[in-house]
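Written out below as structure tokens is the structure these notes cover.
There are 2 protein chains.
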Amino acid sequence: MTLTTPVAHGAETGRVDLASLVDQLPAGTLLTDPASTARYSHDEAEWAPWALPLAVARPATSEQVRTIVRWCVAHEVPVVPRGAGTGLSGGANSVSGGIVVSFERMAAVTRIDPVERLAVVQPGVVNDDLRAAVAEHGLWYPPDPASSPWSTIGGNVATNAGGVCCVKYGVTGDYVLALEVVTGTGELVRVGRETAKGVAGYDLVSLLVGSEGTLGLVTEITVRLRPARPAEQTVVGFFDSLVAAGEAVAAVARAGTVPSALELLDRHCLTAVNDWKDLGIEADCEAILLARLDGPGAAGVAEAEAVLAAFEGAGATFAARSEDESEADAMFAARRLAYPALERLGPVLTEDVCVPVGRVAAMLAAVQEIARRHDVLIANIAHAGDGNLHPLIITPAGDDEARVRAQHAFDDIIVEALACGGTVTGEHGVGLLKRAGLAAELPLAVVEMHRAIRRALDPHGVLNPGKVVT
Amino acid sequence: MTLTTPVAHGAETGRVDLASLVDQLPAGTLLTDPASTARYSHDEAEWAPWALPLAVARPATSEQVRTIVRWCVAHEVPVVPRGAGTGLSGGANSVSGGIVVSFERMAAVTRIDPVERLAVVQPGVVNDDLRAAVAEHGLWYPPDPASSPWSTIGGNVATNAGGVCCVKYGVTGDYVLALEVVTGTGELVRVGRETAKGVAGYDLVSLLVGSEGTLGLVTEITVRLRPARPAEQTVVGFFDSLVAAGEAVAAVARAGTVPSALELLDRHCLTAVNDWKDLGIEADCEAILLARLDGPGAAGVAEAEAVLAAFEGAGATFAARSEDESEADAMFAARRLAYPALERLGPVLTEDVCVPVGRVAAMLAAVQEIARRHDVLIANIAHAGDGNLHPLIITPAGDDEARVRAQHAFDDIIVEALACGGTVTGEHGVGLLKRAGLAAELPLAVVEMHRAIRRALDPHGVLNPGKVVT
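Protein sequence lines correspond, in order, to chains A and B.
Counted from 1, the first sequence has number 514 at position 413 by our numbering; the numbering is strictly sequential.
Counted from 1, the second sequence has number 438 at position 337 by our numbering; the numbering is strictly sequential.
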């Protein structure tokens, strides 16, 4: 069997022969027909460029991943790693002539150790599946991106994914102890440790986490776990402006209380969810804040009272501790459904800026002004407690002019976030959509440090080329 | 003024003229007479090699640090950064012909922000001084190495220092948000962010933390803070063997309780402290465990009861919750005094291995066997709750044969720790003393990744040469 396909990268002949790779892998590992590969050609960043890949590889072992990377190095073919494709920045978008490596066949929870409080997993394990598996041992894996029912730990590691409980418990990277990785030179290595502490050499684990496949392909992840935590209290606040809600977020921080969730939804999100699913949520306000508190026993109640007081002090039109668990769950379900509910209105360009907590109100005001200036609909959901805002720019399907205006709004939000002392991406990653933002955020000398590290670890330039920094 | 001094590194002439550096710095910044420079020639790793430096620089600003590094790059002169000199691995040991950069004149707490819960400090700030400064705002900087009354935040960052509360709250790196750094090419840059989250580019902050001055000179640190925490409960357990104490540590982990401290001291430490200071501590046992628990209110009491039960279940000869705060403080004072108390008996070679919590008992047994085999006195203190053991090998002053036996014991402990799935350094760093251990721990391909990154960020090879990895 000989497969030949045009190549856009590296190989000077312009053509590359896949047969020598096919021969080294079990039958069925490689997909090459466009009907099959199209499904792997991009993540959810549909505004970012992508191309059909040369092939899609679905390895079942770390050694097969190594085989693929070595072949790609030898043939100067780009490698694009892919989890569940739920990314929002284009990090998994395929490039012409490249090989997409999907980890769908590497989805085992290999080990759970309740004494060391760690788990060893393959990259294709779905986030919620890991959470369920460790819960059986009385353990908890905190990182909880909104995509947790679908996204994989490998993808979470690639983007250093955040989530709802990060405001108290940190992000994916805070839970990664060790990685098995295929390097840019085709070596299969382990970095990190299984001990609680360790400083033997550079922190290569943290360097790889969030590197979006540009410094290595992760083939196994050792994650740190926590003991199961107490039940949460919920506090809801209604506000008649986004700015008032933003001020309440700063008031919570000032009170010295650390909630286990502090989420914001605006009226557009509530309306879209109510129009789609009947969750019975009162939406007669401009924004709601949803706080959760998980201090044990009386301490949790005291935390909830402190947050309630902060909401009321910041001018909430209504605020209450939820006594009804199903009502609280409905509120958080609405937060999770906001993105798909808004997508029903048209293509959504998703922002992901993060600003200091004290600047949330100012940033929300700026987003509203930007929406007016560019005549676009911008809905807001936010991990408000850590200043991570997701303005969602929605354009009517097929309206090319609106799309141009949306792009201008997207760019202006980035400028405003940087002016607030923020970052262009809080948790989604740079991928393709935030490359210009990255260049705006980082001084050239720091970009040069990125390039130097990338050249050092990917000397052949095959690892997810074109992503993050070029 | 012209100063010429032999150079052991780089400059092919073998001589270098300091005058061009003197001219660029305020008077008094450089020390060159051996009587002055000798005090800066090594840290507390007196067993590791060191040499008198060409000069000691005491810059007062980041720009002066940049001036020094640029001069060193131009003249191929090694730069050795130094905090308080309390390091235990030789990371700050001077090299012949090099310039030691001491941060003693850069010791300001520049900013404390209670809303964003962060502080910005110069590298020369002493750990306890930072803790005191933020406590005035109701905030807490957790990392608490035993050296906290003397060691600096810059030094803590260089080694990614641990401490007593790390078992619950993590290490220095978990609290570093951003760094200002002079790079190996003499650029003054900022990496990291002031926001709670951020994934714009590679995690250069984590790469620099723990790199022991080999990837850049840190000139400012932005640290994350926590709200002040509740008062701690103390639980003490006495054990008639080190192994029994080690088993109690695993029992605490199995119980799902996370103490805010879980420290071990053996009989040698208790005796040495009692002989030196009269702290009135009962020492009729082979080992004691000191646990602290800081859950709020009733939760903290329940945690203390769980630890007490774990101690008793593992065979403690006596265990109790301390009702007397001064008694509890005396116990922790003894832990802090153990190292200087033992130093009175002779030179101490300090180990710093870290093993999985379930292997603490086995590792302590192995250390005892190694002491017997090599006929050396080994005392044990440990951050037992995270498996971080500090076997302290003590030799009579001037006994060269004992020194050789001590070195063999040191090497054997490393071998045993690796066999237990551990690491050669939990919190002290590689410096010079653990270079061979690092080579034993890391596969060659991972060492090559270290070298590639080091070459990428220190292309002229001037940053703390000879340390960590060569």
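Backbone N, C-alpha and C fix where the C-beta goes; we use that ideal spot for every residue, glycine too.
R506 of chain B sits close to V477 of chain B, with the two beta carbons spaced by under 9 Å. Within chain B, the C-beta atoms nearer than 9 Å to that of G459 of chain A come from D214, V216, E217, in chain order. Here C370 of chain A really is in contact with A439 of chain A; their C-beta atoms are around 4 Å apart, less than 8 Å. For H369 of chain A, the enclosing alpha helix (DSSP H) starts and ends at 368-377. Within its own chain, the residues whose Cβ lies closer than 6 Å to the Cβ of P448 of chain B, once the five positions on either side in sequence are excluded, are T496, listed in chain order. Separation of the CB atoms of S142 of chain A and S195 of chain A is rounded to 5 Å, and the pair is thereby assigned contact status at 8 Å.
For a Cβ distance threshold of 8 Å, nothing in chain B lies close to L318 of chain A: the least Cβ distance comes to about 14 Å. According to the DSSP assignment, E145 of chain A belongs to no alpha helix (DSSP H), since it is labelled neither H nor E. Around the Cβ of P560 of chain B, a 10 Å sphere holds fewer than 16 other Cβ atoms; the residue is exposed. Close to H551 of chain A, with beta-carbon spacing below 9 Å, are these residues of chain B in chain order: G302, Y303, L305. Interface annotation for the region 525-547 of chain A against chain B: V525, T526, G527, E528, H529, G530, V531, K535, G538, L539, E542, L543, P544, A546, V547, criterion Cβ-Cβ distance under 8 Å. Fewer than three beta-carbon pairs drawn from the region 255-270 of chain A and the region 286-294 of chain A are found closer than 8 Å, and the two stretches are therefore not classed as touching. Contact between L189 of chain B and H484 of chain B is ruled out by a C-beta separation of about 14 Å, above the 8 Å threshold.
Sequence-distant partners of T315 of chain B (beyond 5 residues in either direction) whose C-beta falls short of 7 Å from its own C-beta, in its chain, are R555, D559, L564, N565, K568, V569. DSSP assignment within the region 281-308 of chain B yields the following whole beta strand (DSSP E) runs of 3 residues or more, N-terminal first: 289-293. Under the Cβ distance rule, I169 of chain A does not count among the residues neighbouring chain B, no pair being separated by less than 9 Å. Taking all protein chains in view, the Cβ of S361 of chain A is crowded by 16 or more other Cβ atoms within 10 Å, so the residue is classified as buried. Residue pairing by DSSP puts S423 of chain A in a beta bridge opposite A:T335. Boundaries of the alpha helix (DSSP H) around I554 of chain A: 545-558. For V268 of chain A, the closest of A:A498, A:P457, A:V525, A:S312 by C-alpha to C-alpha distance is A:P457.
The DSSP-derived three-state label of L119 of chain B is coil. Looking from the CA of L122 of chain B, the closest CA among B:L545, B:A156, B:D500 belongs to B:A156. C-alpha of D134 of chain A to C-alpha of P127 of chain A: approximately 17 Å in a straight line. Annotated three-state conformation of H529 of chain A is coil, per DSSP. Secondary structure note for D512 of chain B: its alpha helix (DSSP H) is the uninterrupted segment 501-520. Residue state for A462 of chain B is assigned as helix, using DSSP reduced to three classes. Of all residues in the region 244-276 of chain A, only T260, N261, A262, G263, C267, V268, G271, V272, G274, D275 place a beta-carbon less than 9 Å from a beta-carbon of chain B. In this structure A301 of chain A is not in contact with L394 of chain B, their Cβ atoms being roughly 30 Å apart against a cut-off of 8 Å.
Between the region 501-520 of chain B and the region 271-289 of chain A there are fewer than three C-beta pairs closer than 8 Å, too few to call the two in contact.
Annotation for L308 of chain B: L316 place their beta carbon closer than 7 Å to its own, counting only its chain and skipping 5 residues before and after. With respect to E321 of chain B, E281 of chain B sits close: the two C-beta atoms are nearer than 9 Å.
Nearest in C-alpha terms to T138 of chain A, of all of A:S197, A:A220, A:T187, is A:S197. Contact between I169 of chain A and V180 of chain A holds, since their C-beta atoms are separated by about 7 Å, short of 8 Å. Within the region 182-257 of chain A, the complete alpha helix (DSSP H) runs of at least 4 residues fall at 228-236.
Of all residues in the region 479-513 of chain B, the ones placed with a Cβ closer than 7 Å to any Cβ belonging to chain A are D487, G488, N489, in chain order. Counting along the chain, the unbroken alpha helix (DSSP H) around R171 of chain A starts and ends at 163-176.
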